[in-house]
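Since the structure comes first, as structure tokens, the remarks are kept for the end.
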Amino acid sequence: MSRKLLIPALLALSIPAWAGSFAGSSAGSSAGASSAGSSASSGSTSGDDKVVLQARDDAASFVASDGLIRGAQLEAALRLLRERDAAARDASDLQLAQAILAQ
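Take the sequence shown: its letters are residues 115 to 217, numbered as in my numbering.
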């Protein structure tokens, strides 16, 4: 699978549909992450999706530091994505972190 197709495919499989609109309104703030956690627990979002959403700050640090800063939440999200999707196993950590941020 080409890299251009990999990222959208991973996002479609791993991020809930409502996350895109929510991410735009929260702008990745810690308050937004808190809201995501509370709405995820009251809605139909699985705990797996919440793990990925909560990794946004760690993903931003990872991308900005060119892979030098690796947070625990990002590590958990990368592990989860690779367990759930065969295409994610072939993606680099940076590609997956960028996919998390794209939402």
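For every residue, glycine included, the Cβ atom is placed at its ideal position computed from N, Cα and C.
- Separation of F176 and D162 (C-alpha to C-alpha, rounded to the nearest whole angstrom) is 20 Å.
- Cα atoms of L167 and I214: separation of roughly 7 Å, rounded to the nearest angstrom.
- Boundaries of the alpha helix (DSSP H) around I214: 207-215.
- If you look at S175, you'll find it in the alpha helix (DSSP H) that goes 170-178.
- In this structure, R196 sits away from A190, with a CB-CB distance that is not shorter than 7 Å.
- Under the 10 Å beta carbon count, A178 is surrounded by fewer than 16 other beta carbons and is classified as exposed.
- In this chain, the alpha helix (DSSP H) harbouring G161 covers 161-167.
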